[in-house]
Amino acid sequence: MIEQPESPAPGRAAGACRPSSLFAGVILLLLPGCPARQEAVPPPPPAGLEVMSPAVREQYQSLRADLDRALRESAPAAEPMGKLGLWHHTYQLSEGAEAAYLEARRLAPEEPRWAYYLGMLYAALGRTAEARSELQAALAITPDDVPTLVRLAELELADGEIPRAVEHLEQALASDPECVRAMVALAEAMEARGDDQRAVETLAAARQLQPGSAQVRHSLARAFRRVGEIDQAAALLALAEPEASPNDARMRDPLGSRLRTLDVGLQGNLRRARAGERRGRPQAALQSYRRAKAADPDSIEARLGVARSLASLGRVDRSIEELRAALEDHPENPRLYSALASRLAAEDRREEARELFDAALAINPESRPALRGLGDLQAGSGDTEGALASFQKARSLGLTPELAHRHALALIRLGRHAQALRALEEDSERVGPDRSLELLLARLLAASPTAEVRDGEYALKLAREALDAAPGLDAAEVSVIALAELGDLPAAAAGQRLLVEAVQRAGRDDLLALMEQRARLFESGRPLRDPVPAGEALDAIFVDPAALEALFDRASARRP
Amino acid sequence: MHPCLRLLCLPALLGCSPEPARDAGGRAALFVDRTGESGLDFVHSNGMSGQLYFVEMMGAGGALVDVDNDGDLDVFLVQGGALGPERPVGLGDRLYRNDRDGSPAGIAFTDVSSAAGIAGDGYGMGVAVGDYDNDGWPDLYVTNFGPNRLWRNLGAEGTLAFEDVTAETGTDEPGWSTSATFLDFDRDGWLDLYVASYVDYSLARDVACRSPTGLRDYCGPLTYEARRDRLFRNLGGEGGRPRFEDVSRATGVQGESERGLGVVSADFDADGWPDLYVGNDMTRNLLWLNRGDGAFSEEALLAGAAVNRQGKAEASMGIAAGDFDGDGDEDLFVTHLRLETNTLYRNVGVEGRVMFEDATTAARLGAGSLESTAFGTLLFDFDNDGALDVLVVNGAVTAVETLVAAGDPFPLHQPNQLFRNAGNGGVFEDVSAAAGSAFERSEVSRGAAAGDVDNDGDLDLLITNNNGPARLLINNAGGRRHWLGLRLLRDPAGWDVLGARATVVLPDGRSLVRRSRTDGSYCSAGDPRLHFGLGDATSVTEVRVDWPDGSRESWIPEGVDRYLTLVRGEGRR
Numbered sequence: 007m008i009e010q011p012e013s014p015a016p017g018r019a020a021g022a023c024r025p026s027s028l029f030a031g032v033i034l035l036l037l038p039g040c041p042a043r044q045e046a047v048p049p050p051p052p053a054g055l056e057v058m059s060p061a062v063r064e065q066y067q068s069l070r071a072d073l074d075r076a077l078r079e080s081a082p083a084a085e086p087m088g089k090l091g092l093w094h095h096t097y098q099l100s101e102g103a104e105a106a107y108l109e110a111r112r113l114a115p116e117e118p119r120w121a122y123y124l125g126m127l128y129a130a131l132g133r134t135a136e137a138r139s140e141l142q143a144a145l146a147i148t149p150d151d152v153p154t155l156v157r158l159a160e161l162e163l164a165d166g167e168i169p170r171a172v173e174h175l176e177q178a179l180a181s182d183p184e185c186v187r188a189m190v191a192l193a194e195a196m197e198a199r200g201d202d203q204r205a206v207e208t209l210a211a212a213r214q215l216q217p218g219s220a221q222v223r224h225s226l227a228r229a230f231r232r233v234g235e236i237d238q239a240a241a242l243l244a245l246a247e248p249e250a251s252p253n254d255a256r257m258r259d260p261l262g263s264r265l266r267t268l269d270v271g272l273q274g275n276l277r278r279a280r281a282g283e284r285r286g287r288p289q290a291a292l293q294s295y296r297r298a299k300a301a302d303p304d305s306i307e308a309r310l311g312v313a314r315s316l317a318s319l320g321r322v323d324r325s326i327e328e329l330r331a332a333l334e335d336h337p338e339n340p341r342l343y344s345a346l347a348s349r350l351a352a353e354d355r356r357e358e359a360r361e362l363f364d365a366a367l368a369i370n371p372e373s374r375p376a377l378r379g380l381g382d383l384q385a386g387s388g389d390t391e392g393a394l395a396s397f398q399k400a401r402s403l404g405l406t407p408e409l410a411h412r413h414a415l416a417l418i419r420l421g422r423h424a425q426a427l428r429a430l431e432e433d434s435e436r437v438g439p440d441r442s443l444e445l446l447l448a449r450l451l452a453a454s455p456t457a458e459v460r461d462g463e464y465a466l467k468l469a470r471e472a473l474d475a476a477p478g479l480d481a482a483e484v485s486v487i488a489l490a491e492l493g494d495l496p497a498a499a500a501g502q503r504l505l506v507e508a509v510q511r512a513g514r515d516d517l518l519a520l521m522e523q524r525a526r527l528f529e530s531g532r533p534l535r536d537p538v539p540a541g542e543a544l545d546a547i548f549v550d551p552a553a554l555e556a557l558f559d560r561a562s563a564r565r566p
Numbered sequence: 004m005h006p007c008l009r010l011l012c013l014p015a016l017l018g019c020s021p022e023p024a025r026d027a028g029g030r031a032a033l034f035v036d037r038t039g040e041s042g043l044d045f046v047h048s049n050g051m052s053g054q055l056y057f058v059e060m061m062g063a064g065g066a067l068v069d070v071d072n073d074g075d076l077d078v079f080l081v082q083g084g085a086l087g088p089e090r091p092v093g094l095g096d097r098l099y100r101n102d103r104d105g106s107p108a109g110i111a112f113t114d115v116s117s118a119a120g121i122a123g124d125g126y127g128m129g130v131a132v133g134d135y136d137n138d139g140w141p142d143l144y145v146t147n148f149g150p151n152r153l154w155r156n157l158g159a160e161g162t163l164a165f166e167d168v169t170a171e172t173g174t175d176e177p178g179w180s181t182s183a184t185f186l187d188f189d190r191d192g193w194l195d196l197y198v199a200s201y202v203d204y205s206l207a208r209d210v211a212c213r214s215p216t217g218l219r220d221y222c223g224p225l226t227y228e229a230r231r232d233r234l235f236r237n238l239g240g241e242g243g244r245p246r247f248e249d250v251s252r253a254t255g256v257q258g259e260s261e262r263g264l265g266v267v268s269a270d271f272d273a274d275g276w277p278d279l280y281v282g283n284d285m286t287r288n289l290l291w292l293n294r295g296d297g298a299f300s301e302e303a304l305l306a307g308a309a310v311n312r313q314g315k316a317e318a319s320m321g322i323a324a325g326d327f328d329g330d331g332d333e334d335l336f337v338t339h340l341r342l343e344t345n346t347l348y349r350n351v352g353v354e355g356r357v358m359f360e361d362a363t364t365a366a367r368l369g370a371g372s373l374e375s376t377a378f379g380t381l382l383f384d385f386d387n388d389g390a391l392d393v394l395v396v397n398g399a400v401t402a403v404e405t406l407v408a409a410g411d412p413f414p415l416h417q418p419n420q421l422f423r424n425a426g427n428g429g430v431f432e433d434v435s436a437a438a439g440s441a442f443e444r445s446e447v448s449r450g451a452a453a454g455d456v457d458n459d460g461d462l463d464l465l466i467t468n469n470n471g472p473a474r475l476l477i478n479n480a481g482g483r484r485h486w487l488g489l490r491l492l493r494d495p496a497g498w499d500v501l502g503a504r505a506t507v508v509l510p511d512g513r514s515l516v517r518r519s520r521t522d523g524s525y526c527s528a529g530d531p532r533l534h535f536g537l538g539d540a541t542s543v544t545e546v547r548v549d550w551p552d553g554s555r556e557s558w559i560p561e562g563v564d565r566y567l568t569l570v571r572g573e574g575r576r
């Protein structure tokens, strides 16, 4: 569930003046209703509702049911009506949004939100005069609301009404001196008045507050150009550049790259945070991610990093809180839905996770993290066909070793071993060397019930190469299964006993019964015919390589 | 606007005409749709089959070009085709010869495609026009979703004939090309060729995309990888058959290609070397400044023409270049997706440094563009008052909500817009409501080209529609003011020198600057003749021409309201 934003002003975020997003509606969709006093006329259902994605349709139906209930019971209807408007607004269904907002505003004229959202809708559609009128109506109810003041001023600027815009912006900055958006608009007003130097100063101050903002950077660069500070402008714009192509390197002054190394704002902290994660220092990573977030509260990467670091430190509830807060601010971002869903899934809160994955896919049906997460959920609940479909779609959008592994594993679970073999071979070629893929392939070659798929020699080769690289239980287990497939069941049984010991030493009681059962299988003279891996994180269980090596040598000596 | 208000406004727009021209509905109009009676019976087919293939919503352009050198503009229209699971099947582009009989309404076109041998078999996108072999006859480069075609105009007197010289000239590009332009970037007297490419896409790899609500919809460009643009250098060869070499890498332009849709050439930094501006779909636009040493450097970001005011790349489609503010340098107008404004970039460069300022808001061109997705665009003086006006042709790329609700089978259509430059340094007013029934019609417009089809001294319009008819709109607004038309030729037997620039000095001291070009807009090509609206001026003090080779000449023309041909070497140096 997504919670209500703390500010009474529409979409206002704590500690900043960021005006409400068009998507803030999603947040409010889930709020409890407030009373209204008049009968309402809802907008007609949107065209194509029946073929919209289930999550989106259910959102609508739920909101519509709330509204119908209010109407049936003669209860106040402004709030459910307004939420219905937000739903339309979120999905860019302008006509429905307008109709619902107008009704909500009529039913609750004392409530500023509906006039505000109506103003935002009209502004996005270029209906400037109506937008200004609605924002002024909202301002009449809450005269000091910063987002409303700033939005109104931006429209006034667009209409060339500079003094009026400046008045509203100064009022906004009096309430919130660190409102960067107001500062940017004020600088624009100064430029329009020809006061370029003050524009530079204002934007430089804004950049101090929000160094990661592309808008601030570009506005400041523009202002620098106007005052003839071309090098300063170039330096700022170089910060926004992607990695230099060879062509860039040949043609550009390298000033930009020197400046990049001095960047201490968002990018610098993100770099440090990622390095901390790579080095296994989640506390240091958390600090850097928090600094990055302070530099740019809108940075999704910073907020995801904070949540990830918190989870790594075992502060799972805080991690979930962080993700929920990020989602409140950016309900349009499918990555956040997927991240929160994955975290909840890890906590076995599967239904909530499923809803969030569906929401992510409603926004972006091609979100790979959401498809992967949904596939994991489906696989975990026994819906292997569903999981396969999710992984297949994700895989078609871009292949990674993890996706290739999940996809092949789903095929294996469904008994489609020949297909799995083909997929593994193709995907391995595409993604390059990857331990987990190679071991899954080796496991399939060693333990498939389909004779045409099995190839014990190759399986053993792959497994031993993996063992040489890192002596984990994952590779050792496959080696033993391959020995069994090659007919050396005594060696397999002995090897399996080594694995039982390794599992005991590691304290992995969850694997003990399976390992012992498999040892008995080999001791009874039968190979394994089940290529599904034994469990998770097997590579972290150390197996004595010397003992295994001796075993392989003996087995090798026995084989013709 | 209320119909009565519309009529009240019109006399001001039309000058002092006592009887404004009327459209088919009998109403006064700035432009009248003469498509039907002109014989221009072309209907574009995008091959839509319900599969929502990405390519089918892009549409194609067309050209106004005097292919037979008989003094009037003919029409070339790029056709789509059928889309199957494997490859498209082209339906054949069309060439219509202008057989006007001289009477005011006597516009008559004849389809001569087959006889001229120019139909082609590709799924077409755009067309660029230029005389690449300097034989005095305009040649056509047709871009396709699939292999492009360079059509050499054989130039036989009395008959029209073209031959496909793509392979011979080395100008093929097999991917998905969009807009292209002929320019003489190395100033050797031979036209080179820049070809913008869109994305790496094939029907077999079409991705099924959905709208935010989960409805099946067309994909966006970021679904597919960008495909690199190409620059072909003309190796020349007097009296022979020139070949081109691909210099994309050597000149540096291949390093930064994005999802290109529009391209225009102009000398933005006033150093005498033609530059290029490329509009890209949802990735930053590129400004290739010609360094004059065979290479280009990309400077859009620093020049302020890469992204919008918020620092975000927008979905650029069509481009127009021209001096809208009358300060002598070339500005840019770029069209964009719905919920993004179209953008007017004012060239404010000084001392050889190119610099643009986003003048959209001040020019009043922002808010009116938010509800439409715009493609083709022109900076042209439709009312002959000396100030460049703006045409924007619109058509969505994803389903329009209200049209879906109405059960429209192709829910992308939107009306086109005409903005009049009211002067004052470039403040525009939306005059679409007075522009005639053609501007009330809602279609999926894509290409736009301007040219004086009836040779009456004002600029008419060719508009192409995706999966719909091409439109010929005849101008009835310009005839009330004075004008001057110029052809700039290298020699009497030559064709128009693209990139040549003329400055007309008026008796009151004002100067008007225009460049000979066929490029710009979206996938389209226009009249290379330079058109000067003179307003009330009945004479011109001087015409100065800056030729691409760096030479300058001047003429003192006698009289106005006519076309003059200025040949290099015949003016005063």
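Those protein sequences? They're chains A and B, same order as listed.
Note that the working numbering has the first sequence beginning at 7, numbered continuously upward.
Note that the working numbering has the second sequence beginning at 4, numbered continuously upward.
All C-beta atoms in this analysis are idealised placements derived from N, C-alpha and C, irrespective of residue type, glycine included.
Everything numeric in this text was worked out from a predicted model, so none of it was measured.
- Boundaries cannot be given for LEU405(A), as no alpha helix (DSSP H) includes it and DSSP labels it neither H nor E.
- Looking from the CA of LEU381(B), the closest CA among GLU374(B), THR364(B), ASP326(B) belongs to ASP326(B).
- The residue from THR506(B), GLN417(B), HIS416(B), VAL357(B) with its alpha-carbon nearest to that of GLY329(B) is THR506(B).
- The three-state secondary structure of VAL57(A), taken from DSSP, is helix.
- The DSSP-derived three-state label of ALA318(B) is strand.
- Burial check for LEU225(B): the Cβ neighbour count within 10 Å stays below 16, so the residue is exposed.
- Going by DSSP, MET521(A) is part of the alpha helix (DSSP H) stretching over 515-529.
- Rounded to the nearest angstrom, the gap between the Cα atoms of ASP142(B) and GLY161(B) is 17 Å.
- Rounded to the nearest whole angstrom, the CA to CA distance from LEU415(B) to LEU86(B) is 19 Å.
- The beta carbons of ASP461(B) and ASN387(B) sit about 6 Å from each other, so the pair counts as a contact at 8 Å.
- The Cβ of ARG423(B) sits no closer than 8 Å to any Cβ of chain A.
- A contact is defined here as three or more CB-CB pairs under 8 Å, and the segment 426-442 of chain A fails this definition with respect to the segment 511-523 of chain A.
- The DSSP-derived three-state label of GLU184(A) is coil.
- Minimum Cα-Cα distance from PRO169(A) among the listed residues ALA193(A), ASP151(A), PRO153(A), ALA146(A) corresponds to ALA193(A).
- In this model, ARG535(A) and ALA448(A) are separated by some 13 Å (Cα to Cα).
- Three or more Cβ pairs drawn from the segment 344-354 of chain A and the segment 320-332 of chain A lie within less than 8 Å of each other, which places the two stretches in contact.
- Listed in chain order, the non-local C-beta contacts of GLY173(B) below 8 Å within the same chain comprise PHE235, ARG246, PHE247, GLU248, ASP249, local neighbours out to five positions each way being set aside.
- In the structure shown, ASP77(B) adopts extended strand secondary structure according to DSSP, grouped into three states.
- In the three-state reduction of the DSSP assignment, VAL115(B) falls in the coil class.
- Against chain A, the beta carbon of ARG213(B) has neighbours under 8 Å at SER59, PRO371, listed in chain order.
- Within chain B, no residue has its beta carbon less than 7 Å from that of VAL156(A); the closest one is some 14 Å off.
- Each of ALA199(B), ASP296(B), VAL543(B) was checked against the Cα of ASP191(B), and the nearest Cα belongs to ASP296(B).
- ALA114(A) and TYR107(A) have their alpha carbons spaced roughly 10 Å apart.
- Annotated three-state conformation of SER519(B) is coil, per DSSP.
- An exposed status is given to GLN313(B), since fewer than 16 other beta-carbon atoms sit within 10 Å of its beta-carbon.
- Within the segment 335-358 of chain A, contact with chain B at the beta-carbon level (separation under 8 Å) is assigned to no residue.
- In this structure, the alpha-carbon of ALA131(B) lies about 21 Å from that of ALA118(B).
- Nearest CB-CB separation between THR208(A) and chain B: not below the 8 Å threshold.
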